[in-house]
Amino acid sequence: KDMRGITHMAVGAAGYLLLEPVIPGAGASAISISAAALGALLPDVDHPSSMLSRKMTPVMPGVRIGRLISGALLVAAAVFASLDPVLIGLGLFMILLTFCPHRGVTHSIVGLAVAGVLAWVFGPEVFYPVLIGYSSHLVADLSTGGGIPLLWPWKQNFSISMGRSGGIVDRVTCLVALLYLSIRTVG
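This note's numbering numbers the first residue of the sequence shown as 984 and each following residue consecutively.
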C-alpha cells in the first residue's frame, strides 16, 4: 500500500523546516512551506488517483483518460484563447503523464532534476523547498517493499525496505511530522 498524500505533504514540509536553518537565505515563510508540501506530492503526479493528479484533472478525475482529455482541453484553450506558454506546457505535461507508469521516471533522480529545473524559475524561496519535499517523497518510497527506480531509465528498483507503507506506519509518520510542524510554526 502506498503512503497517503497527506503524509507525504507533512513529511516534506517538516523536512524543509528541519533543514531550513542550514540553507543559505532560506526562510520559514508560508510560500516555502507550501512549496515543500507541493514538492512532496509531485512524484505521485504519475498516478491518476493521487491527491495532486485528481486536483489537476477536472474531467474524469482518477482515471488516465480523464487526464489525457483534461490536458488536451487545456492545450486547446491556451492555444485558442491566450497562447500562454505555461498553460500549454501544463497541458502537454498532463498528456505525457498519461503514458507514464506509476513509480517510473517521476520516482527517480531524473524526475528530481526536472522538478528542480522547473522550481528554479520561481527562485530560491521555492527551489529549495520543492527539492527537499520531492526528495523526502523519494526517501519515503525507498522504504517501501517495492522500492523505486532511482536510476531510471535503468529498470532496477532500489529499496531500503522497513516494512509496508500505509496503515499504522503511515499514520504515526504523519502524526510525528504534523507535531513537528506545529511546534516549529506555532511555538
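Using N, Cα and C, we set each Cβ at its ideal position, and we do this for glycine too.
Residue j beta carbon less than 7 Å from that of residue i
{"i": "Tyr1117", "j": "Ala1098", "result": "yes"}
{"i": "Leu1057", "j": "Gly1074", "result": "yes"}
{"i": "Trp1135", "j": "Ser1065", "result": "no"}
{"i": "Gly1054", "j": "Ile1016", "result": "no"}
{"i": "Tyr1243", "j": "Ala996", "result": "Since the first residue shown for the chain is 984 and the last is 1170, residue 1243 is missing from the structure and cannot be characterised."}
{"i": "Arg987", "j": "Asp1124", "result": "no"}
Contact set for residue i: own chain, Cβ-Cβ below 6 Å, skip 5 residues either direction
{"i": "Glu1003", "result": "Ala1009 and Ala1011"}
{"i": "Ser1119", "result": "Val994, Gly995, Gly998 and Ala1023"}
Cβ shell of residue i (< 7 Å), same chain only, five flanking positions each side left out
{"i": "Leu1080", "result": "Val1028, Asp1029 and Arg1050"}
Nearest-angstrom Cα separation, counted from residue j out to residue i
{"i": "Met1043", "j": "Phe1110", "result": "31 Å"}
{"i": "Leu1161", "j": "Arg1047", "result": "31 Å"}
{"i": "Ser1033", "j": "Phe1082", "result": "15 Å"}
{"i": "Phe1105", "j": "Lys1138", "result": "32 Å"}
{"i": "Arg1167", "j": "Leu1000", "result": "7 Å"}
{"i": "Ile1052", "j": "Val1169", "result": "42 Å"}
{"i": "Ala1059", "j": "Leu1070", "result": "10 Å"}
Expected contact under 8 Å - CB spacing of residue i and residue j to nearest Å
{"i": "Met992", "j": "Leu1025", "result": "Rounded, the Cβ-Cβ distance is 11 Å, inconsistent with contact."}
{"i": "Leu1114", "j": "Gly1022", "result": "7 Å"}
{"i": "Thr1156", "j": "Thr990", "result": "6 Å"}
Buried or exposed (CB count within 10 angstroms, at least 16 for buried), residue i
{"i": "Ile1151", "result": "exposed"}
{"i": "Pro1007", "result": "exposed"}
{"i": "Leu1035", "result": "buried"}
{"i": "Ala1013", "result": "exposed"}
{"i": "Leu1158", "result": "exposed"}
{"i": "Pro1084", "result": "exposed"}
{"i": "Pro1112", "result": "buried"}
{"i": "Pro1068", "result": "exposed"}
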